[in-house]
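Using our numbering, read the sequence shown as starting at 1 and increasing by one per residue.
Quick reminder that beta carbons are idealized off the backbone N, C-alpha and C, glycines included.
Structure first, commentary second.
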Amino acid sequence: MGKKWKVAVIGAGAMGKMHVKGWQLAGHEVVSVTDIVPEVAKELADSCGVARIHTDFKEAIAQPDVEIVSSCLPLALHAPVTIFAAEHGKHVFSEKPLAATFEQADAMEAATTKAGVQFGLGFQRNFSRAIWKAKEYIDAGTLGRPLFCYNDSIAEIRPKRVMHDDNGNRGPIMDLGCHYFIMWMTLFGSLPKTVYAQGRVLATDREELAHIKKLAIDTANITVEFESGDVGVFSVSWGMPPKFKMKAYNDRIYGPKGGIEGGLNNNGKKFSLFIEDQPAEEVNVEGYQSLHAKEFEEFTAALDAGKPAPVSYAQGRDVLALTLAIFESIDTGKVVDYKSFYAQFQK
Ligand SMILES: NC(=O)c1ccc[n+]([C@@H]2O[C@H](COP(=O)([O-])OP(=O)(O)OC[C@H]3O[C@@H](n4cnc5c(N)ncnc54)[C@H](O)[C@@H]3O)[C@@H](O)[C@H]2O)c1
């Protein structure tokens, strides 16, 4: 192992917990946990043996022992935390998605570049070995080309209401879709060409969401054609009734010669491989103990080697452009050309 880095985890919610455990498992030292709610910070710090808590991220980041800021805050805070950390000379590892807008992404990148610090982006699911095993079959031509990849997710309205706020986490297209969009880019080894989507808000007139001024689209069907000729389809809803029992479909990929079915993108451990007329073959892959530990190992290995972060702005921007192109298609009812749409945001 390389250097043992000193990390400040900011935000002690669901992802904060995963980050503290992931950094510790990867052999690094979490020096502080920060949450605006002190009891939340304390509970996580106590349960993981972290000595220091803060309620103000600026105070936490400015501490001289902090070398990496691990940001697990809602989307609207990704930019302010990253910029503040960079101004204080700290490396940043931020939860996905990169940012809500290209203005924010540009400001983040300008700050970390100016400071000469690295920025890592948390697409941990994309380290799933099942994705990379499926990619081996794809690259070997086992399934043939072109490919269709179908992904589905269905859930009752999210307990974290900020997920439904169009000025907050912007619903499942922004918050969850990014895991699938980066997976398609990885599996197909290609970037999007055209984007076509329909979106609706199903969870209207819900008391739990009545305080939100503008509800984000909670339900969508998204079709993305890639430069490679392959196609990704994502159907998603976060607008279903409480305790809704219907389950999502498995991830499926198929081409002219064969197909793959199974949970690919969240540390999936096995999938079924179908080749021509052969019965399904179960392909087992070893899952990681923690995908977060894995992404932190990759990030710190790059820091140790003086190399750029392996997953960073480039991937975050490609995914953000696709996310915004999906919103554009939903708004206009038109097919969006990814490259020309993206061009307006490129420097
Ligand atoms: N990689 C993944 O699989 C994955 C999964 C879920 C969420 N996320 C991302 O992680 C981020 C956080 O999501 P979460 O699910 O952990 O949310 P969460 O609501 O569980 O946790 C966020 C925490 O931040 C705290 N907080 C809010 N404002 C703060 C401030 N100004 N200063 C300090 N603390 C503050 C809240 O009190 C809360 O405890 C989001 O960007 C989300 O998209 C990633």
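So residue i packs on residue j, CB below 8 Å; how close in whole Å?
{"i": "Pro242", "j": "Met174", "result": "Actually they do not touch by this definition, with Cβ atoms about 23 Å apart."}
{"i": "Ile61", "j": "Phe93", "result": "That pair is no contact at about 13 Å."}
{"i": "Ser153", "j": "Ala220", "result": "Not a contact, Cβ separation roughly 10 Å."}
{"i": "Gly258", "j": "Glu276", "result": "6 Å"}
{"i": "His91", "j": "Gln118", "result": "5 Å"}
{"i": "Thr113", "j": "Thr82", "result": "Contact flag wrong, Cβ pair sits at about 12 Å."}
{"i": "Val311", "j": "Leu73", "result": "That pair is no contact at about 19 Å."}
{"i": "Ser237", "j": "Asp218", "result": "6 Å"}
{"i": "Ala216", "j": "His164", "result": "6 Å"}
{"i": "Ser272", "j": "Glu261", "result": "5 Å"}
{"i": "Ala140", "j": "Leu264", "result": "About 17 Å; that fails the 8 Å criterion."}
{"i": "Leu322", "j": "Tyr254", "result": "The pair is not a contact, with the Cβ atoms about 22 Å apart (cut-off 8 Å)."}
{"i": "Arg125", "j": "Asn266", "result": "5 Å"}
{"i": "Glu156", "j": "Met18", "result": "About 22 Å; that fails the 8 Å criterion."}
{"i": "Gly16", "j": "Asp46", "result": "Contact doesn't hold; Cβ gap of about 13 Å is too wide."}
{"i": "Gly27", "j": "Lys58", "result": "Their Cβ separation, rounded to whole angstroms, is 28 Å, which puts Gly27 and Lys58 out of contact at 8 Å."}
{"i": "Val319", "j": "Phe181", "result": "5 Å"}
{"i": "Arg161", "j": "Ile212", "result": "7 Å"}
{"i": "Tyr313", "j": "Glu95", "result": "With 8 Å as the limit, Tyr313 and Glu95 do not qualify as a contact, their Cβ atoms being about 15 Å apart."}
Among all the DSSP beta bridges, which residues are the ones paired with residue i?
{"i": "Leu215", "result": "Asp165"}
{"i": "Leu121", "result": "Ser94"}
{"i": "Ile330", "result": "According to DSSP, Ile330 bridges with nothing at all."}
{"i": "Tyr254", "result": "Phe148 and Gly259"}
{"i": "Ile83", "result": "Bridge partners of Ile83: none, in fact."}
{"i": "Asn284", "result": "Lys270"}
{"i": "Asp337", "result": "Thr194"}
{"i": "Ile53", "result": "Val33"}
{"i": "Ser153", "result": "Val236"}
{"i": "Asn221", "result": "Gln198 and Ser235"}
{"i": "Ile275", "result": "Gly258"}
{"i": "Ser226", "result": "The amino acid at residue 226 is misidentified as Ser; the sequence shows Phe. Paired residues: Pro192."}
Around the C-beta of residue i, are 16 or more other C-beta atoms found within 10 angstroms, so that it is buried, or is it exposed?
{"i": "Arg145", "result": "exposed"}
{"i": "Phe244", "result": "exposed"}
{"i": "Ser70", "result": "buried"}
{"i": "Pro192", "result": "buried"}
{"i": "Asn151", "result": "buried"}
{"i": "Lys270", "result": "exposed"}
{"i": "Pro159", "result": "exposed"}
{"i": "Asn167", "result": "exposed"}
{"i": "Lys133", "result": "buried"}
{"i": "Ser32", "result": "buried"}
{"i": "Ser340", "result": "exposed"}
{"i": "Ala85", "result": "buried"}
{"i": "Gly268", "result": "buried"}
{"i": "Ala14", "result": "exposed"}
{"i": "Asp65", "result": "exposed"}
{"i": "Glu297", "result": "buried"}
{"i": "Pro38", "result": "exposed"}
{"i": "Asp56", "result": "exposed"}
{"i": "Met1", "result": "exposed"}
{"i": "Met246", "result": "exposed"}
{"i": "Pro172", "result": "buried"}
{"i": "Gly316", "result": "buried"}
{"i": "Ala365", "result": "Examination of residue 365 is not possible in this model, given that the chain is present from 1 through 347 alone."}
{"i": "Ala12", "result": "buried"}
{"i": "Ala41", "result": "buried"}
{"i": "Thr204", "result": "exposed"}
{"i": "Thr101", "result": "exposed"}
Would you kindly report the start and end of the unbroken beta strand (DSSP E) that includes residue i?
{"i": "Trp238", "result": "Val231 to Met240"}
{"i": "Gly199", "result": "Pro192 to Arg200"}
{"i": "Ala8", "result": "Lys6 to Ile10"}
{"i": "Thr300", "result": "Taken as a continuous stretch (DSSP letters only), Thr300 belongs to no beta strand (DSSP E), being part of the alpha helix (DSSP H) at Leu291 to Ala305."}
{"i": "Ser70", "result": "Ile68 to Ser71"}
Within the continuous alpha helix (DSSP H) that includes residue i, where are the two ends?
{"i": "Arg129", "result": "Arg129 to Asp139"}
{"i": "Ile61", "result": "Phe57 to Ala62"}
{"i": "Ala111", "result": "Phe102 to Ala115"}
{"i": "Ile182", "result": "Gly177 to Phe188"}
{"i": "Val20", "result": "Ala14 to Leu25"}
{"i": "Ser312", "result": "Run containing Ser312: none; DSSP gives neither H nor E here."}
{"i": "Ala210", "result": "Neither: Ala210 is in no alpha helix (DSSP H) and is coded neither H nor E."}
{"i": "Leu75", "result": "Unbroken run through Leu75: none, as it is neither H nor E."}
{"i": "Leu143", "result": "That residue, Leu143, is in no alpha helix (DSSP H); it is neither H nor E in DSSP."}
{"i": "Ala45", "result": "Pro38 to Cys48"}
Using only the heavy atoms of ligand 3, determine whether one of them is closer than 8 Å to the beta carbon of residue i.
{"i": "His211", "result": "Annotation note on ligand 3: not contained in the displayed structure, which lists ligand 1 as its ligands."}
Query raised in the report: Using 8 Å as the Cβ pair cut-off and three pairs as the minimum, do the stretch 294-310 and the stretch 170-188 touch?
Result: These segments do not touch.
Report task. Specify whether the stretch 181-188 and the stretch 133-147 touch according to this definition: at least 3 beta carbon pairs, one from each stretch, less than 8 Å apart. Result -> Counting C-beta pairs closer than 8 Å gives three or more between the stretch 181-188 and the stretch 133-147, which meets the contact rule.
Query raised in the report: Can you find at least 3 beta carbon pairs, one from the stretch 225-237 and one from the stretch 205-216, that sit closer than 8 Å?
Result: Taking a cut-off of 8 Å on C-beta distances, the stretch 225-237 does not touch the stretch 205-216, as fewer than three cross pairs fall below it.
**Report entry** Contact the stretch 17-36 vs the stretch 282-296: 3+ CB pairs below 8 Å
**Finding:** Touching, per the Cβ criterion.
Report task. Determine, using beta-carbon pairs with one atom in the stretch 197-205 and one in the stretch 320-338, whether at least three such pairs fall under 8 Å. Result -> The stretch 197-205 makes contact with the stretch 320-338, as at least three CB pairs between them are under 8 Å.
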